[in-house]
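Numbering (the working numbering), first residue to last: -9 to 411.
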């Protein structure tokens, strides 16, 4: 179109276009710099100087493992809580209930340090995992990675409330996010990368039983080598760790999982899961759900199972048509239907959100509307407390909207990568 213009006008048009792009980038970088300053001063530094629950439990478990005192007793709050309080100089109080024994391996290298130094290092590691994972996703999902897009993703990460909560509490889910990013990259971008992706998924499963939702998708896709490497790495780790975690420890962990699964505490709005929402709507409990719409526990169970099977069925239907996107959708599905899932569990939702942002041109108005609303629900510091039902589950609704934005795109055929499966 500009070729029809006279040369002076063409030059003017070119200069104007370059100026607009430069001004846009300067504004973007300036805003990103301000967000980074806020992130460091309001989240990163305070977290590095504070001992909290979450990190306190991980550190104490790792210290018990290092000193040969780790046993089934860690699942007894009357035994474990005083240890956490003592290790944290009375600053933190936590239990070990929902964690497998192998979670104690996560901070084992830091257990040789004082808890203050360990907290500082773990906070820095969390920041590295956040930005490292986002950079990996950028080069995986974007055909033309650019600095402005990297600045946009970095801003998303620094404002993402689940990630901020993860850093504040010294939680494990930025590590899980990084492992998932490695697995998705290995299986969607790299050739002959089954061992790398399988090892990443295996570590997530061993450390936090995270990533279980990927297994049915891999089975349906008949990615046997990916499954082989995942199962093999898990097996090697568990066998090598058997002297550290004998069968009685695993038996006690299994008992607690059963008890937790039937506990009314899963109705608490702190758990941003579909199970918690349905419990709030259809189950009465004098502590956790005092004002349900109607007390029909069987209806909550039926709806939960039906929704889980229906949405998983849709993912599996198109799992062979668009394999990378099916894995990304399965990550979101796993967050939505996790038995337990607090705000920081949603940190892994950065992966599907990044994919949608980096494929903005492929989205229709419906997809874009879902994406924008989901991002707002994840960035705004909305309360997730027991109040109005529609206001108590912002992260859960954000995850549902993200999955809704992914579904129409799964029907598109993705280019296949020959990896030898």
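Each residue gets a CB set at the ideal place from its N, CA and C atoms; glycine is no exception. Given the structure is predicted, the values throughout are model-derived calculations rather than measurements.
Query	Result
Quick check: the stretch 230 to 248 against the stretch 356 to 373, are there 3 or more CB pairs under 8 angstroms?	no
Starting from the Cα of residue 123, find the closest Cα among 385, 236, 344 and give me that residue.	344
Taking residue 266 as the reference, which of 326, 43, 42, 221 has the closest Cα?	326
Once you ignore the five residues that flank residue 330 on each side, which residues in its own chain have a CB closer than 8 angstroms to its CB?	88, 250, 256, 261, 263
Can you tell me whether residue 213 is buried or exposed, with buried defined as 16 or more other CB within 10 angstroms of its CB?	buried
Please report how far the alpha carbon of residue 221 lies from the alpha carbon of residue 215, in whole angstroms.	10 angstroms
Return the first residue and the last residue of the alpha helix (DSSP H) that residue 152 is part of.	151 to 159
What's the gap between the Cα of residue 37 and the Cα of residue 288?	42 angstroms
Between residue 143 and residue 283, what straight-line distance do the alpha-carbon atoms span, to the nearest angstrom?	40 angstroms
What are the start and end residues of each continuous alpha helix (DSSP H) run of 4 or more residues lying completely inside the stretch 285 to 339, in chain order?	287 to 307, 313 to 326
Considering only their Cβ atoms, is the gap separating residue 40 from residue 154 smaller than 7 angstroms?	no
Relative to the C-alpha of residue 135, which candidate in 349, 402, 388 has its C-alpha closest?	349
So for residue 344, helix, strand or coil by DSSP?	helix
Give the range of the alpha helix (DSSP H) segment to which residue 112 is assigned.	105 to 131
For residue 307, is the classification buried or exposed, using 16 other Cβ atoms within 10 angstroms of its Cβ as the cut-off for buried?	exposed
Measuring alpha carbon to alpha carbon, tell me which residue in 211, 386, 228, 53 is nearest residue 313.	211
From what residue to what residue does the alpha helix (DSSP H) around residue 179 run?	It is not in any alpha helix (DSSP H) - residue 179 carries neither H nor E in the DSSP assignment.
Ignore the nearest five residues each way along the sequence and tell me which others in residue 149's own chain have a CB closer than 6 angstroms to its CB.	369
What is the DSSP secondary structure of residue 252, reduced to helix, strand or coil?	coil
Measure the alpha-carbon distance for residue 178 versus residue 130 and round it to whole angstroms.	8 angstroms
Can the beta-carbon of residue 305 be found closer than 7 angstroms to that of residue 319?	yes
Quick one: Cα of residue 35 to Cα of residue 96, how far?	22 angstroms
Please state the DSSP three-state secondary structure of residue 351.	helix
Can you say whether residue 258 is buried or exposed, counting buried as having 16 or more other CB atoms within 10 angstroms of its CB?	buried
If we ignore side chains and look at the alpha-carbon of each, how far apart do residue 116 and residue 42 end up?	15 angstroms
Find the nearest neighbour of residue 236 within the set 201, 90, 334, 147, judged by alpha-carbon distance.	90
Rounded to the nearest angstrom, what separates residue 276 and residue 248 at their Cα positions?	21 angstroms
Which residue from 226, 128, 161, 324 puts its Cα closest to that of residue 45?	161
What is the DSSP secondary structure of residue 9, reduced to helix, strand or coil?	helix
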